[in-house]
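Encoded as structure tokens, the structure appears first; notes follow it.
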Amino acid sequence: MAAEARDRFCVAEERSGHCAVVDGHCLYVWGGYVSIEENEVYLPNDELWVYEIDTALWTMHLMEGELPTSMSGSCGACINGSLYIFGGFDDKGYSNRLYYVNLRTKNGTYRWKKITNFKGQPPTPRDKLSCWVYKDRLIYFGGYGCRKHNELSDCFDVHDAFWEGQIYWGWHNDVHVFDTNTQTWFQPTIRGGEPPQPRAAHTCAVLGNKGYIFGGRVLDKGSTRNNKGPRSVKMILIIVFLRTRAAFSQLGARAGRGRTSESVLFGGVI
1 MAAEARDRFC VAEERSGHCA VVDGHCLYVW GGYVSIEENE VYLPNDELWV YEIDTALWTM
61 HLMEGELPTS MSGSCGACIN GSLYIFGGFD DKGYSNRLYY VNLRTKNGTY RWKKITNFKG
121 QPPTPRDKLS CWVYKDRLIY FGGYGCRKHN ELSDCFDVHD AFWEGQIYWG WHNDVHVFDT
181 NTQTWFQPTI RGGEPPQPRA AHTCAVLGNK GYIFGGRVLD KGSTRNNKGP RSVKMILIIV
241 FLRTRAAFSQ LGARAGRGRT SESVLFGGVI
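Take the sequence shown: its letter number 101 is residue 101 in the UniProt record's numbering, and every next letter is one higher.
Here's what the structure looks like:
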């Protein structure tokens, strides 16, 4: 049976660490957490909130299928009407699982599917990463997560460690690509430029064949015990979308332009 929409006059609960994507004239919101008496409570994993931008109405749909666990910090992106979510943090720790759901369903049923028959090596478990969409590819950058001792590399700034288990936590600046047509993970060859400092909780955008990232949290070189890390205010231009190659460059600050368009914002911590 198709999952029916709830009251059309309800409003999505306040939240942080959620996924929000736009497809057509609708904003889709999934996951995240809400703070209740200083405790972080994950929101239901079977709820998809849809905001119709033209009518300013919310609806909530119950989801079916191979449901992801309730998480925060997952990375959501939309390709050809399908919402993909990767990574995140749940009650058991960091994730590197990938799921998708068709948003253009004709029968009103939103059914999750976990991608398990992929080729290649996915990123290590992490949350608060970013994603660019280019053609039929998802291009992921950065994030905060954990690695084993034999997985440490230059793309990882160590923040803390569990010495007995040889588990390390920290920030990433690696680039991973998932081809949705071939269901294949790969890492592009970086040719030229200076990579951005490993980071998480940054924002990103794509224009043409260029991807941009801005801000985020990075390792405080003066104090490795800072559990959050300082915020970066640099803008980085990453030219990534040339087959399997990538290059980095940094942009300086510039004056803002006048309002030429609109964007939709929902949720977050203030």
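Don't be surprised by glycine CBs; every beta carbon is placed ideally from N, CA and C.
So, for residue 88: in the same chain, excluding its five sequence neighbours on each side, which residues have a beta-carbon less than 6 Å away from its beta-carbon?
The beta carbon of residue 88 is closer than 6 Å to those of 71, 73, 74, 95, 127 in its chain, skipping five residues each way along the sequence.
State the Cα-Cα distance for the pair residue 171 and residue 111, rounded to the nearest angstrom.
32 Å
Can you give me the C-alpha to C-alpha distance between residue 206 and residue 133, rounded to a whole angstrom?
Taking the straight line from one Cα to the other gives about 8 Å.
Apart from the five residues just before and just after residue 77, which ones in its own chain have a Cβ nearer than 6 Å to its Cβ?
84, 131, 133, 138
Nearest by alpha-carbon distance to residue 101: which of 124, 93, 62, 213 is it?
Taking residue 101 as reference, the option from 124, 93, 62, 213 with the minimal CA-CA separation is 62.
For residue 185 versus residue 120, is the C-beta spacing smaller than 7 Å?
yes
Threshold first: 3 residues or longer. Then list the beta strand (DSSP E) segments lying entirely within the segment 79-142, N to C.
82-90, 93-102, 110-114, 130-134, 137-141
On a Cα-Cα basis, can you pick out the residue from 169, 105, 140, 141 that is closest to residue 271?
Outside the shown range of the chain (1 to 270) lies residue 271, about which nothing can therefore be said.
Quick one: grab the DSSP three-state call for residue 149.
helix
Alpha carbon to alpha carbon, how far is residue 10 from residue 18?
18 Å
DSSP state of residue 191, grouped into three classes?
coil
Where DSSP assigns a beta bridge to residue 59, which residues make up the other side?
50
Using a threshold of 7 Å, state whether the C-beta atoms of residue 183 and residue 118 are closer than that.
Yes, the pair counts as a contact, with Cβ atoms nearer than the cut-off.
Just list the residues that DSSP pairs residue 27 with in beta bridges.
22, 51
Taking all protein chains shown into account, decide if residue 12 is buried (16 or more other Cβ within 10 angstroms of its Cβ) or exposed.
buried
Pop quiz: residue 141 and residue 175 are said to be a contact at Cβ under 8 Å. What is the actual Cβ separation, rounded to whole angstroms?
A Cβ-Cβ separation of about 5 Å places residue 141 in contact with residue 175 under the 8 Å criterion.
Would you call residue 20 buried or exposed, if buried means 16 or more other Cβ atoms sit within 10 Å of its Cβ?
buried
According to the neighbour-count rule (16 or more other Cβ atoms, all chains shown, within 10 Å of its Cβ), is residue 29 buried or exposed?
buried
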